[in-house]
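Trainee: Structure in structure tokens, see below.
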Amino acid sequence: MKYDMHVHINIHGDEGEMERYEYFAKMNNLEVIGFVIHYNPKISRKELRDYRDFVESLNIRAYAGLEIYHPSRYPGGFDFYLLHFSNVVVDAELLSSLRDVVIAHPFAYGMSIDASSLPIMVKNNIGVECNSAHFASSLRKFYTDIKREGICIPFGSDAHTPEEMGEGFEELSSIFSPFEEVERRILKKR
Ligand SMILES: [Zn+2]
Ligand SMILES: [Zn+2]
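Residue numbers (this note's numbering): 46 to 235.
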């Protein structure tokens with residue numbers, strides 16, 4: 046099943062935007078789309094609600110997620126959460142209070158993952174994204190290692206336009222987890 050769990054959407058987009066997501070989902074054979082917006086505390090409750098309503102009203106199987114920078118404070122009620130870390134070494138302590146979330150684009154934006162954090166990822170069901178926009182072949186060994194540990198690896202393209210949705214899915218399909226696993230482990234029950 047072709048899916049993409051990292052598609053950025055502009056909550057201030059114009060009228061025709063919705064049709065474009067539906068159109069390109071069909072064009073790119075995508076069966077499931079996980080949308081995200083960059084969360085910051087200045088976004089109003091109304092904007093968050095409008096975003097969720099927009100995703101729900103699409104005529105495609107779609108989920109509403111948040112990409113968050115500060116894992117200590119973010120609103121509940123979304124389908125999934127991506128963690129955007131930058132300039133930090135992710136270790137066991139940093140992850141200890143988190144559960145059922147996904148670390149986006151590992152080793153991008155100056156972040157790295159310390160081996161000490163792997164057991165806590167397993168214990169707290171923290172996934173690590175396979176992000177096609179930030180992929181490098183040097184990451185293959187890392188993904189093989191975490192897959193062996195049983196860590197969930199959702200696919201995400203980091204698309205910022207509807208056309209880019211699903212980009213890199215076929216090329217990287219040997220790395221990431223099938224959607225059924227992502228659904229079971231990462232998506233919140235509603
Ligand atoms: Zn990001
Ligand atoms: Zn992103």
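Even glycine gets a Cβ: it sits at the ideal position worked out from N, Cα and C.
For the beta strand (DSSP E) that contains Y119, what are its first and last residues?
Mentor: Against the sequence shown, residue 119 aligns to sequence position 74. It is not in any beta strand (DSSP E) - Y119 carries neither H nor E in the DSSP assignment.
Trainee: For the stretch 50-98, which segments carrying the beta strand (DSSP E) assignment without a break, of at least 3 residues, lie completely within its bounds, in sequence order?
Mentor: Qualifying beta strand (DSSP E) stretches, in chain order: 77-83.
Trainee: Identify whether L103 lies in helix, strand or coil by the three-state DSSP scheme.
Mentor: Here the question's residue 103 lines up with position 58 in the sequence shown. Residue state, collapsed to three classes: coil.
Trainee: Looking at C-alpha atoms only, which residue of V77, L232, Y114 and I158 is the closest neighbour of I191?
Mentor: Residue 191 sits at position 146 when you count from the first residue of the sequence shown. Residue I158 is the option with its Cα nearest to I191.
Trainee: Quick one: grab the DSSP three-state call for E212.
Mentor: In the sequence shown, counting from the first residue as 1, residue 212 sits at position 167. Residue state, collapsed to three classes: coil.
Trainee: Cα separation between N170 and E138?
Mentor: For this step, residue 170 is matched to residue 125 along the sequence shown. For this step, residue 138 is matched to residue 93 along the sequence shown. So the alpha carbons of these two residues sit roughly 15 Å apart.
Trainee: Alpha carbons only, please: which of N55, G61, N73 and R144 is nearest the one belonging to M210?
Mentor: The residue given as residue 210 occupies position 165 in the sequence shown. Comparing Cα positions, the closest option is N73.
Trainee: Is any heavy atom of ligand 2 found at a distance shorter than 7 Å from the C-beta of A109?
Mentor: As a first step, residue 109 is located in the sequence shown; it is residue number 64 there, counting from the start. Because no heavy atom of ligand 2 lies under 7 Å away, the Cβ of A109 does not count as near it: no.
Trainee: Can you tell me whether E112 is helix, strand or coil according to DSSP?
Mentor: Reading the sequence shown from its first residue, position 67 is the one you call residue 112. E112 falls in the strand class under three-state DSSP.
Trainee: Whose C-alpha, out of M63, Y84 and D136, is nearest the C-alpha of F123?
Mentor: Looking up residue 123 in the sequence shown gives position 78. Checking every option, the nearest Cα to that of F123 belongs to Y84.
Trainee: What are the start and end residues of the alpha helix (DSSP H) that includes L163?
Mentor: As a working mapping, residue 163 is identified with position 118 in the sequence shown. First-last of the alpha helix (DSSP H) with L163: L163 to K168.
Trainee: Quick one: what's got a C-beta closer than 8 Å to R97's C-beta in the same chain, skipping five residues either side?
Mentor: Residue mapping note: residue 97 aligns to position 52 of the sequence shown, counting from 1. Around R97: A109, G122 and F123.
Trainee: Check whether the Cβ of H53 lies closer than 7 Å to any heavy atom of ligand 2, and answer yes or no.
Mentor: Position 8 of the sequence shown holds residue 53. H53 Cβ: within cutoff of ligand 2.
Trainee: Please report the Cβ distance between H115 and H150, rounded to the nearest whole angstrom; I am assuming they are in contact, meaning their Cβ atoms lie under 8 Å.
Mentor: Position 70 of the sequence shown, counting from 1, holds the residue named residue 115. Position 105 of the sequence shown, counting from 1, holds the residue named residue 150. With 8 Å as the limit, H115 and H150 do not qualify as a contact, their Cβ atoms being about 17 Å apart.
Trainee: Tell me which residue opens and which closes the alpha helix (DSSP H) that L217 is part of.
Mentor: Residue mapping note: residue 217 aligns to position 172 of the sequence shown, counting from 1. Where L217 is concerned, there is no enclosing alpha helix (DSSP H), given that its DSSP letter is neither H nor E.
Trainee: Counting pairs of Cβ atoms below 8 Å between the stretch 125-133 and the stretch 86-101, do you hit three or more?
Mentor: These segments do not touch.
Trainee: Please list, in chain order, all residues of the same chain as L184 whose beta carbon is under 8 Å from its beta carbon, the five residues on each side excluded.
Mentor: The residue labelled residue 184 in the question sits at position 139 within the sequence shown. Counting only Cβ-Cβ distances below 8 Å, and skipping sequence neighbours, we find P151 and F152.
Trainee: Examine ligand 1 and report whether any of its heavy atoms sits within less than 7 Å of the Cβ of E228.
Mentor: The residue labelled residue 228 in the question sits at position 183 within the sequence shown. False, no ligand heavy atom lies under 7 Å from that Cβ.
Trainee: For L143, which residues does DSSP report across the bridge?
Mentor: For this step, residue 143 is matched to residue 98 along the sequence shown. None; L143 has no bridge partner.
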